[in-house]
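Just below is one structure, and these are the notes that go with it.
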Amino acid sequence: MLRIKGEFQQVQHWRNEVAHAGWLVEHEGLPFAGVYFDQHVQLPIPVPQRGEVLVKVESASVNPIDWKVQSGALKPFLPSKFPYIPGTDIAGEVVAVGSGVTTLKKGDKVFSWLGLGAGGSLAEFAIAPAKSTVQKPQEIASIEACCLPVAGLTALQSIRDYAGIKVDGNSQANLLITGASGGVGLYAVQIAKLCGAHVTATCGARNMELIKNLGADEVVDYKSAEGAELRSPSGRAYDAVIHCTSGIPWSTFSANLKPVAKVIDLTPNIKSLATTALKKLAMCQQELVPYVLSAKAEDLDLLAELARGGKLRTIIDSQHPLSRAEEAWARSIEGHATGKIVVTA
Ligand SMILES: NC(=O)c1ccc[n+]([C@@H]2O[C@H](COP(=O)([O-])OP(=O)(O)OC[C@H]3O[C@@H](n4cnc5c(N)ncnc54)[C@H](OP(=O)(O)O)[C@@H]3O)[C@@H](O)[C@H]2O)c1
């Protein structure tokens, strides 16, 4: 049963003889209110082109960005062409290699970030760019490895590259991590501690113990008065904030920052971008910096190494079979996951 139409870029790669299962998003959904998935359809297996590999997907993780793209909320930054297979984070086995690929071979166990524009994770087979696909150490299960790309890269890059904190254990920085119980936040707490930073974290009351156990120095319930004001219980002013939630006004941040400080904004919008621009124009030393993920194989390797050595734990919120991937999607939209949501083949 083939229902592929339109101009989705992978269509031209597909051959018709062998089918696999997957999900197609046929049209844009209502922003945040509903997601339309097609029924579970049979799709032709894609063929890897130059610089690509074909991966038999063992597991995939869902990120908020996936359903934000699907909902149309990120237009005009990320227009999606319909129909398309959603999702970007996978772990699995390489089953075919396109021309020009020298770093990977058939039979390699890998994990990969497929790229925002491409998607493709919610299917039995996916095309992955070789440049953002790396070897999965055998000590890490594929359900853990598939969680690392978007959430792990974001945690690592926002702390190291955007906040400027070295991952060397010697940092003296005071760091606030908001939304510490989410997919990004749980990795960010652990990476910040590996840097040596003093970590204050906000989360819901039910997750405070978990986040303390992962190493946070201070944990504050975001629904308490102290949490709403982002105050450090020990009275510290922050050098940097890894801001994993949204809807917090700049005045709440600035009251808690050192005179020179950065707030790394993971969910920039028109209003926050205007604040960023105004602060820049005024040459303000308390900056609001929008974050955008970049696919770096060396960063994926670093995350794998940390996970392999037991220094970076993955907390899995829930696991869903591919045939019921819409439940994983709904769980992410609810916004109350503790850690990562995984779909397994
Ligand atoms: N710019 C980029 O390239 C990029 C990359 C990755 C992620 N992001 C964005 O970063 C954000 C975080 O991603 P994620 O995967 O970590 O999300 P997530 O896993 O969906 O986060 C869910 C968690 O956030 C907690 N939370 C919600 N509101 C909170 C608040 N006001 N204070 C403290 N905790 C709160 C929830 O706790 P409760 O259940 O207790 O409420 C839940 O545990 C998303 O908006 C995502 O789109 C951006």
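So for the sequence shown, the UniProt record's numbering puts the first residue at 1; every next one is plus one. Glycine is no exception: its CB is placed at the ideal position from the N, C-alpha and C atoms.
**Asked** The beta strand (DSSP E) spanning N213 covers which residue range?
**Response** Taking the first residue of the sequence shown as position 1, residue 213 is located at position 213. Note, N213: premise wrong, no beta strand (DSSP E); alpha helix (DSSP H) at M208 to N213.
**Request:** Taking only heavy atoms of ligand 1 into account, decide whether any of them is closer than 7 Å to the Cβ of L114.
**Result:** As a first step, residue 114 must be located in the sequence shown, where it is residue number 114. L114 Cβ: outside cutoff for every heavy atom of ligand 1.
**Message:** Let's see if you can read the secondary structure: which residues bound the alpha helix (DSSP H) around E144?
**Reply:** Residue 144 sits at position 144 when you count from the first residue of the sequence shown. Run containing E144: S142 to A145, per the alpha helix (DSSP H) assignment.
**Prompt:** What's the gap between the Cα of T344 and the Cα of N63?
**Reply:** Numbered from 1 along the sequence shown, position 344 holds the residue referred to as residue 344. Numbered from 1 along the sequence shown, position 63 holds the residue referred to as residue 63. Taking the straight line from one Cα to the other gives about 15 Å.
**Message:** ligand 1 and residue 355: does any heavy atom of the ligand fall closer than 7 Å to the residue's C-beta?
**Reply:** Any answer about residue 355 is impossible in this case: the structure gives the chain only from 1 up to 345.
**Residues that H198 bridges to, as DSSP identifies them** = Within the sequence shown, the letter at position 198 stands for residue 198. DSSP, once it has assigned bridges, lists N174 as partnering H198.
**Message:** With three or more beta-carbon pairs closer than 8 Å as the criterion, would you say the region 233 to 249 touches the region 153 to 167?
**Reply:** yes
**Prompt:** DSSP three-state call for E58: helix, strand or coil?
**Reply:** As a working mapping, residue 58 is identified with position 58 in the sequence shown. Reduced to three states, the DSSP call for E58 is strand.
**Asked** What number of angstroms, rounded off, separates the C-alpha of A91 from the C-alpha of A282?
**Response** By one-based count along the sequence shown, residue 91 stands at place 91. By one-based count along the sequence shown, residue 282 stands at place 282. Whole-angstrom Cα-Cα distance: 45 Å.
**Prompt:** How about V150 and I65: do their beta carbons lie closer than 8 Å?
**Reply:** Here the question's residue 150 lines up with position 150 in the sequence shown. Here the question's residue 65 lines up with position 65 in the sequence shown. Yes.
**Asked** Three-state secondary structure (DSSP) at W23?
**Response** Within the sequence shown, numbered from 1, the residue matching residue 23 stands at position 23. W23 falls in the coil class under three-state DSSP.
**Prompt:** By DSSP, does K340 sit in helix, in strand, or in coil?
**Reply:** On the sequence shown, position 340 is the one that residue 340 refers to. In the structure shown, K340 sits in a strand (DSSP, three-state: E or B).
**Prompt:** How about I191 and G185: do their beta carbons lie closer than 8 Å?
**Reply:** As a working mapping, residue 191 is identified with position 191 in the sequence shown. As a working mapping, residue 185 is identified with position 185 in the sequence shown. For I191 and G185, no; Cβs fall outside 8 Å.
**C-alpha gap between S224 and A19, whole angstroms** = Taking the first residue of the sequence shown as position 1, residue 224 is located at position 224. Taking the first residue of the sequence shown as position 1, residue 19 is located at position 19. Distance between the alpha carbons of S224 and A19 is about 52 Å.
**Prompt:** For K131, which of K106, I143, G51 and L175 has the nearest alpha-carbon?
**Reply:** Translated into the one-based positions of the sequence shown, residue 131 becomes position 131. If we check each option's Cα against that of K131, G51 comes out closest.
**Request:** State the beta-bridge partners of residue 409 as determined by DSSP.
**Result:** In the structure as shown, the chain starts at 1 and stops at 345, and residue 409 therefore has no counterpart that could be examined.
**Which listed residue (A337, G182 and A325) has its alpha carbon closest to that of G152** = Numbered from 1 along the sequence shown, position 152 holds the residue referred to as residue 152. Among A337, G182 and A325, the Cα nearest to that of G152 is on G182.
**Prompt:** From which residue to which residue does the alpha helix (DSSP H) around S112 run?
**Reply:** Here the question's residue 112 lines up with position 112 in the sequence shown. Element bounds for S112: not the alpha helix (DSSP H) but the beta strand (DSSP E), K109 to W113.
**Prompt:** How is the beta strand (DSSP E) around K75 delimited, first residue to last?
**Reply:** Start at 1 with the first residue of the sequence shown, and residue 75 comes out as number 75. No beta strand (DSSP E) holds K75; DSSP gives it neither H nor E.
**Request:** Please list, in chain order, all residues of the same chain as K262 whose beta carbon is under 6 Å from its beta carbon, the five residues on each side excluded.
**Result:** Here residue 262 corresponds to residue number 262 of the sequence shown, with the count starting at 1. Result list for K262: A163, A240, E287 and V289, in chain order.
**Message:** By alpha-carbon positions, which one of T275, L43, D89 and S61 ends up nearest to Q319?
**Reply:** As a working mapping, residue 319 is identified with position 319 in the sequence shown. It is S61.
**Rounded separation between F125 and H27 - CA only** = Numbered from 1 along the sequence shown, position 125 holds the residue referred to as residue 125. Numbered from 1 along the sequence shown, position 27 holds the residue referred to as residue 27. Going by the C-alpha atoms only, they are around 22 Å apart.
**Message:** Only counting the same chain, and skipping five residues up and downstream in sequence, which positions put a Cβ closer than 8 Å to that of residue 357?
**Reply:** The structure shown has nothing for residue 357, since the chain only spans 1 to 345.
**Message:** Assess contact between the region 66 to 73 and the region 99 to 109, defined as three or more Cβ pairs (one per stretch) separated by less than 8 Å. Is contact present?
**Reply:** no
**Range of the contiguous beta strand (DSSP E) that encloses L43** = Locating residue 43 in the sequence shown gives position 43, where the first residue counts as 1. V41 to P46 is the extent of the beta strand (DSSP E) around L43.
**Request:** Measure the alpha-carbon distance for K166 versus G196 and round it to whole angstroms.
**Result:** For this step, residue 166 is matched to residue 166 along the sequence shown. For this step, residue 196 is matched to residue 196 along the sequence shown. About 9 Å.
**Request:** For T267, I'd like the list of residues in its chain whose CB is within less than 7 Å of its CB, leaving aside the five on either flank, ordered along the chain.
**Result:** Residue mapping note: residue 267 aligns to position 267 of the sequence shown, counting from 1. Same-chain partners within the cutoff: S246.
**Message:** At the level of alpha carbons, what is the spacing between G87 and G22?
**Reply:** Stepping through the sequence shown from its first residue, residue 87 is reached at position 87. Stepping through the sequence shown from its first residue, residue 22 is reached at position 22. Whole-angstrom Cα-Cα distance: 11 Å.
**Message:** Beta-carbon within less than 7 Å of L74's beta-carbon, same chain only, minus the 5 sequence neighbours each way: which residues are those?
**Reply:** The residue given as residue 74 occupies position 74 in the sequence shown. Hits under 7 Å: K68.
**Request:** Could you round the C-beta distance between I140 and A304 to whole angstroms and report it? I think they count as a contact, below 8 Å.
**Result:** Sequence index remark: in the sequence shown, residue 140 carries index 140 (1-based). Sequence index remark: in the sequence shown, residue 304 carries index 304 (1-based). 7 Å between Cβ atoms; contact.
**Message:** Measuring straight from C-alpha to C-alpha, what distance separates P233 and D89?
**Reply:** In the sequence shown, counting from the first residue as 1, residue 233 sits at position 233. In the sequence shown, counting from the first residue as 1, residue 89 sits at position 89. So the two alpha carbons sit approximately 36 Å from each other.
**Request:** For the beta strand (DSSP E) holding D168, just list the boundary residues, first then last.
**Result:** Counting from one through the sequence shown, the residue named residue 168 turns up at place 168. Run containing D168: none; DSSP gives neither H nor E here.
**Asked** What is the DSSP secondary structure of G34, counted as helix, strand or coil?
**Response** Within the sequence shown, the letter at position 34 stands for residue 34. Unreliable positioning characterises G34 in this predicted model, as indicated by a pLDDT of 44, which lies under 50. A coordinate reading is not provided.
**Of the listed residues T133, D317, I315 and T200, nearest to L302 (C-alpha basis)** = Taking the sequence shown and counting its residues from 1, one reaches residue 302 at position 302. Taking only the C-alpha atoms, the option nearest L302 is T133.
**Request:** Below 8 Å CB to CB, which residues in the same chain sit around P259 once its five sequence neighbours on both sides are set aside?
**Result:** In the sequence shown, counting from the first residue as 1, residue 259 sits at position 259. Excluding positions up to five away in sequence, the list reads Q285 and Q286.
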